[in-house]
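What follows is a set of notes on a single structure, which appears directly below.
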């Protein structure tokens, strides 16, 4: 079973450049995590950014996101958004 995480971030228009710098760095670092199977980020339109993550288990995802460094980075990214990011989490069927 794979743990899937889908994030939708609505970026403040005036913060788009800062957001793009932060999210690019976050994507590069998160892809290096041992139990991260894949990670992609894409602009849906000018202000909406989507992230699709695949982790080996929920526990490995939770361990990564509970670290102080991860929480600090994510808080900085979220501060560039208009609303709280929408985060959907699922276990794959098989």
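Numbering (this note's numbering), first residue to last: 56 to 149. Note that the Cβ used here is the ideal one computed from N, Cα and C, for glycine as well. Quantities reported herein were computed from a predicted structural model and do not represent experimental measurements.
{"Item": "Indicate whether residue 65 and residue 102 have their beta-carbon atoms separated by less than 8 Å.", "Value": "yes"}
{"Item": "Hey, how far is the Cα of residue 149 from the Cα of residue 57?", "Value": "8 Å"}
{"Item": "Taking 8 Å as the limit between beta carbons, can you name the residues of its chain near residue 147, skipping five residues before and five after?", "Value": "56, 57, 58, 59"}
{"Item": "Less than 8 Å between the beta carbons of residue 132 and residue 81, yes or no?", "Value": "yes"}
{"Item": "Are residue 77 and residue 135 closer than 8 Å when you measure CB to CB?", "Value": "yes"}
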